[in-house]
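For the sequence shown, counting from 1, position 5 maps to 161 in my numbering; every step adds exactly one.
No residue lacks a Cβ here, since even glycine has one placed at the ideal position from N, Cα and C.
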Amino acid sequence: MGKPFDFTLIWVFLPKLLSFLHVTLFIVVASVALGVVAGIIMALPRLYKIPVLNRIVIIYISYTRGTPILIQMFLVYYGLPELLKAVHVDVTDVQPLVFVILTYALHFAAYFSEIVRASVNAVDRSQAEAGYSIGMGSYDVLKRIVLPQAWKVAFPNVANLVISTLKDTSLAYTLGVMDVVGRAEMLGTTYHFLEIWIALSIIYYSIVLIFEYMYRRIEHRLNKYEKPVAAID
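In structure tokens, the structure reads:
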């Protein structure tokens, strides 16, 4: 059983948790950066219908969507070293943080690749054809016509995916990573559980609000040249 609730302890625990916030943010940044690269690579077989690779990517995305990220994390943490042993690579000294980042990056990549595919396909093909008709090459069409429009379509979904990744990092402590949640678990020895988790919720909610504010500003810049849709009487 916990000790009697003490509201003032929330403000005592906050700085203790915030001192480990950089670990959580590092996991998010590293996972998103690797996930974007991997996601773009995964999207290419889907966009160009590359035989075999397209099917492999589809199965991987389906598996990632259909299993909890906690299970994926344990599979990477315990399974990857066993697979690497077959090629005589020893990763027993690798920090759990590396496996956590790898798991979240692969998880992010699966969702990001589908966002890329859907966003590119949302751009009217006639616009690309118009670019080709005036002598533009494939690279110029992609860079100047397709990607700018696809990015506007993708951005809200990417923003939501980053926020979701931030919240999912709360499971990193299960592998012994000392982030804000790991620190909260250690502070649990004080038996002031409610105060600790309230402080933790304040931290996560504050970060999400900051992210949402940044995303609104970016989205406003992306759409500042868009003409408002006229109201229909």
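Exercise. Looking at Phe-264 and Leu-209, is the spacing between their C-beta atoms short of 8 Å?
Worked result: no
For this session: Could you give the DSSP three-state label for Ile-290: helix, strand or coil?
Result: coil
For this session: Ignore the nearest five residues each way along the sequence and tell me which others in Asp-389's own chain have a CB closer than 7 Å to its CB.
Result: With a pLDDT of only 45 at Asp-389, under 50, the local geometry of the prediction cannot be trusted, and the value read off the model is given with reservation. Counting only Cβ-Cβ distances below 7 Å, and skipping sequence neighbours, we find nothing.
Problem set entry | Beta carbon of Ala-328 nearer than 8 Å to that of Ile-227 | no
Problem set entry | Nearest-angstrom Cα separation, counted from Glu-375 out to Pro-312 | 8 Å
Exercise. Among residues of its own chain, excluding the 5 on either side of Val-385, which ones have a beta-carbon nearer than 8 Å to its beta-carbon?
Worked result: Because Val-385 carries a pLDDT of 49, less than 50, the predicted location of this residue cannot be relied on, and the following value inherits that uncertainty. No residues qualify anywhere along the chain.
Problem set entry | Cβ contact check for the segment 175-194 and the segment 222-236: 3 or more pairs under 8 Å | no
Exercise. Taking Cβ to Cβ, would you say Ala-194 is nearer than 8 Å to Leu-262?
Worked result: yes
For this session: Find out if the Cβ-Cβ distance for the pair Lys-269, Met-198 is shorter than 8 Å.
Result: Here residue 269 is Ser; the residue named in the question, Lys, does not match the sequence. Yes; because the gap between Cβ atoms is below 8 Å, this pair is in contact.
For this session: Apply the 10 Å Cβ neighbour rule to Asp-335 and answer buried if 16 or more other Cβ atoms are within range, or exposed otherwise.
Result: buried
Problem set entry | Beta carbon of Arg-300 nearer than 8 Å to that of Leu-203 | no
Problem set entry | Nonlocal neighbours in the same chain, by C-beta distance under 6 Å from Ala-310, ignoring five residues either side | Ile-271 and Ser-275
Exercise. Phe-169: which of Arg-377, Tyr-369, Thr-345 and Thr-223 sits nearest, CA to CA?
Worked result: Thr-345
Exercise. Between Ile-319 and Pro-160, what straight-line distance do the alpha-carbon atoms span, to the nearest angstrom?
Worked result: 33 Å
Exercise. Would you say Phe-268 faces chain B, with C-beta separation under 8 Å as the test?
Worked result: Of the chains in the structure shown, none is chain B; there is only one protein chain.
Exercise. Apart from the five residues on each side of it in sequence, which residues of its chain come closer than 8 Å, Cβ to Cβ, to Val-314?
Worked result: Phe-268 and Ile-271
For this session: Have a look at Val-179 and Asp-324 and give me their C-alpha separation to the nearest angstrom.
Result: 14 Å
Problem set entry | As assigned by DSSP and simplified to three states, the class of Gly-332 | coil
Exercise. Just reading off the alpha helix (DSSP H) that Ala-186 is part of, what are its end residues?
Worked result: 177-204
For this session: Let me know the secondary structure DSSP gives His-244 once reduced to three states.
Result: coil
For this session: To the nearest angstrom, report how far apart Ser-175 and Val-302 are at their CA atoms.
Result: 43 Å
Exercise. Under the three-state reduction of DSSP, which class applies to Asp-249: helix, strand or coil?
Worked result: coil
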